[in-house]
DNA sequence: TTGGGATATCGAGATAATCCGATATATCTT
DNA sequence: AAGATATATCGGATTATCTCGATATCCCAA
């Protein structure tokens, strides 16, 4: 069962940088270099890479990712000292459906 | 050709009352009484009715409708001293499509 | 177990959104 | 032309968001 809070999602999407981050996470191989053979598909992208790409401070990126996560748009997994974030495509599909039929 | 500014749309949708207003405009007959035989389908709903339903002040409602209009989510027509607002369903469909494929 | 690196949280100043009352504008009626 | 009604715009107080630097937490390696 997938319940989503549209207001919270819209607020999360109301920021240029957060929209950018979601674009990057959509095609990690295109936007991030994967020197050490990290499997983007499996775990996502770690905060440090996103931070470098964004030009924002580490704390801001961490908070933005938390906002996206709280809205359900991304999910994260901690592996060692790294936290990997990836998109939760189900939520995007559901949001698309709700906008078409309910909003 | 239909170009939409997703960031502006998400900001417009990041407000509980504005989401409510969009719901009301989706089914005017359900939420507004139509004593004088006004054709909601054709022109939409006038600001005064929306204002009464909302519990907000006239100025706030007017501003909120302007925000929704600037984002393209509603369109308006002035008839005499009344301005009627109705949803622009094409924009909702397009937003739904973009979220599914591009966001 | 201590030092270092990755991430999260905290506190704060700057900027933007919220929402109101007052006022301006546009239109209709008389 | 004047008054009344509907809507839009303006100015401002309050609240929320943005974004940072500083600090705390968590985990790995030596």
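Protein chains in written order, with the working numbering: chain U, 226 to 328; chain S, 226 to 328.
Backbone N, C-alpha and C fix where the C-beta goes; we use that ideal spot for every residue, glycine too.
Going by DSSP, residue 252 of chain S is part of no beta strand (DSSP E) at all; its letter is neither H nor E. Across the set U/303, U/324, U/297 and U/304, the C-alpha of U/297 shows the shortest separation from the C-alpha of residue 316 of chain U. Chain U has no Cβ within less than 9 Å of the Cβ of residue 293 of chain S.
Only 317 and 318 from the segment 286-319 of chain U bring a Cβ to less than 8 Å from some Cβ of chain S. Considering only U/289, U/265 and U/249, the residue with the shortest C-alpha distance to residue 239 of chain U is U/289. Think of a sphere of 7 Å around the beta carbon of residue 241 of chain U: the chain S residues whose beta carbon falls inside it are 232, in chain order. In this model, residue 247 of chain S and residue 328 of chain U are separated by some 7 Å (Cα to Cα).
For the pair residue 258 of chain U and residue 279 of chain U, the Cα-to-Cα distance works out to about 14 Å. Neighbourhood of residue 321 of chain S in chain U, by CB distance below 8 Å: 321, 322, 324 and 325, in chain order. Closest in C-alpha terms to residue 253 of chain S, from the list S/243, S/269, S/245 and S/241, comes S/269. For residue 244 of chain S, the chain U residues whose Cβ falls inside 9 Å of its Cβ are 231, 232, 235 and 328, in order along the chain. Scanning U/323, U/319, U/235 and U/271 for the CA closest to the CA of residue 301 of chain U turns up U/271. Annotation for residue 321 of chain S: the continuous alpha helix (DSSP H) segment containing it runs 314-326. Rounded to the nearest angstrom, the gap between the Cα atoms of residue 234 of chain S and residue 242 of chain U is 15 Å. The alpha-carbon separation between residue 295 of chain S and residue 320 of chain S amounts to approximately 15 Å. With at least 16 other beta carbons inside 10 angstroms of its own, residue 274 of chain U counts as buried. For the pair residue 291 of chain U and residue 310 of chain U, the Cα-to-Cα distance works out to about 10 Å. With a threshold of 16 other beta carbon atoms within 10 Å, residue 303 of chain U falls short and is exposed. DSSP places residue 285 of chain U in the helix class (H, G or I) of the three-state scheme.
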